[in-house]
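Residue numbers (our numbering): 43 to 213.
Now the structure itself:
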């Protein structure tokens, strides 16, 4: 079971994370922009962290209308997070809140406890399976929220083919 929080600013995110007890997953989401329900949208997914040794694993998705999406993402300064300084990532996050009428997002924080318990099951549940399920789950949640998803880009963990097969089977 996960806790779900809808937020509209950075202090709300900090409050959600600070109050989480790490025994279960946490889903933090923006308000869904109305434009994303009507216009075709592009969605991207990336992850950070690799589990209980270093803390939680975090999967995030952002989505916006396909029309002019490159212009919007360039304006925000989006790039591979590993190539950005912490300050630049914080600046981009602040900008994302300012573009909330065009850009929506969800973040799943997978608890180290959940990851560890998954790997200790009688029937093993690997970190790659946790990753796949999180990515597919975020796509499903965005679609279930009414977003008109037409394109999906995933920074994959493991072979990209496995994501393609899984997403084709699911969607």
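Idealized CB from N, CA, C, for every residue including glycine. All values reported here derive from a predicted model rather than from experimental measurement.
Residue i vs residue j beta-carbon contact at 7 Å
i	j	result
residue 72	residue 146	yes
residue 171	residue 101	no
residue 83	residue 189	yes
residue 67	residue 89	no
residue 77	residue 103	no
residue 152	residue 99	yes
residue 154	residue 97	yes
residue 58	residue 70	yes
Buried/exposed call for residue i, threshold 16 Cβ in 10 Å
i	result
residue 195	exposed
residue 48	exposed
residue 121	exposed
residue 162	exposed
residue 50	exposed
residue 173	buried
residue 176	buried
Inter-residue Cα distance where the pair is residue i and residue j
i	j	result
residue 109	residue 192	11 Å
residue 105	residue 144	8 Å
residue 80	residue 184	13 Å
residue 126	residue 52	19 Å
residue 218	residue 186	Here the chain comprises residues numbered 43 to 213, so residue 218 is not present and cannot be evaluated.
residue 168	residue 135	31 Å
residue 60	residue 54	10 Å
residue 118	residue 160	36 Å
residue 113	residue 107	11 Å
residue 123	residue 164	36 Å
residue 115	residue 148	16 Å
residue 133	residue 139	10 Å
residue 130	residue 111	20 Å
residue 137	residue 166	41 Å
Those residues which DSSP pairs with residue i across a bridge
i	result
residue 46	69
residue 193	84
Q | Within the segment 66-138, ranges of the beta strand (DSSP E) (whole runs, at least 3 residues) | A | 67-71, 83-90 and 99-107
Q | Uninterrupted alpha helix (DSSP H) stretches inside the segment 131-175 (no shorter than 4 residues) | A | List check, alpha helix (DSSP H) in window: 154-161.
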